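*Asks:* So in the UniProt record's numbering, spot 71 of the sequence shown is number 71, and the numbers just go up one at a time.
The beta-carbon is built from N, C-alpha and C at its ideal position, and this holds for glycine as well.
A quick note: this is a predicted structure, and the numbers were derived from the prediction, not measured.
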Amino acid sequence: MASVHWVRVARRGSRPRTLIGDLVLPVGYASAAVLAAALALGGGRGHPWFSMAVFAVLTAGVAAQTTRMVWAPAVAVVCWLFFDGFLVNRQGELAWRSTDRAGLVVLLVAALVGAVAAALDRRRNQ
Numbered sequence: 001m002a003s004v005h006w007v008r009v010a011r012r013g014s015r016p017r018t019l020i021g022d023l024v025l026p027v028g029y030a031s032a033a034v035l036a037a038a039l040a041l042g043g044g045r046g047h048p049w050f051s052m053a054v055f056a057v058l059t060a061g062v063a064a065q066t067t068r069m070v071w072a073p074a075v076a077v078v079c080w081l082f083f084d085g086f087l088v089n090r091q092g093e094l095a096w097r098s099t100d101r102a103g104l105v106v107l108l109v110a111a112l113v114g115a116v117a118a119a120l121d122r123r124r125n126q
């Protein structure tokens, strides 16, 4: 009787999967919630541009952990929801004024820069 052996064939150019790469959206959600609470308690509501800079660093750092570029904008939107809802507009209310749109654009750019920089670094180290 012949036996069957399954062989996994790796696709050319396939990305390695990591746990943090698969959980980047829940990690972004949790870290944005903790950061929003810390900034709200620490007086970050009075300094929106400082809070935006801290959120941009968080967004870039979390987006850099992903192995798929499609998650970078999703991480930016999740971080923007916490930033806009709890630091800019208080009590979870979202708005769409020019400052809110500027915050979304800043976080989108930060996420894309973080994800592209990490992808280039991974490619260089292969």
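By the 10 Å Cβ neighbour count, where 16 or more other Cβ atoms means buried, how is D121 classified, buried or exposed?
*Replies:* Looking at its Cβ environment, which holds fewer than 16 other Cβ atoms inside 10 Å, D121 is exposed.
*Asks:* What are the boundary residues of the alpha helix (DSSP H) that includes W71?
*Replies:* It spans W71 to F82 - the alpha helix (DSSP H) in which W71 sits, taken as one unbroken run.
*Asks:* Can you give the Cα-Cα distance for L35 and P73, rounded to whole angstroms?
*Replies:* For L35 and P73, the distance between alpha carbons rounds to 19 Å.
*Asks:* Output the distance between the C-alpha atoms of F55 and N125, rounded to the nearest integer angstrom.
*Replies:* Answer to the nearest angstrom: the Cα atoms are 28 Å apart.
*Asks:* Comparing C-alpha positions only, which one of R68, M52 and T66 sits nearest to L81?
*Replies:* Nearest C-alpha to L81: M52.
*Asks:* On a CA-only basis, which of C79, V106 and R123 is nearest V27? Give me that one, please.
*Replies:* The shortest Cα separation from V27 among C79, V106 and R123 belongs to C79.
*Asks:* Please state whether DSSP places L39 in a helix, a strand or coil.
*Replies:* DSSP places L39 in helix when its eight states are reduced to three.
*Asks:* Just curious, the alpha helix (DSSP H) that V106 is in, first and last residue?
*Replies:* Per DSSP, V106 belongs to the alpha helix (DSSP H) from S98 to R124.
*Asks:* To the nearest angstrom, how far is the alpha carbon of A118 from that of A30?
*Replies:* Going by the C-alpha atoms only, they are around 21 Å apart.
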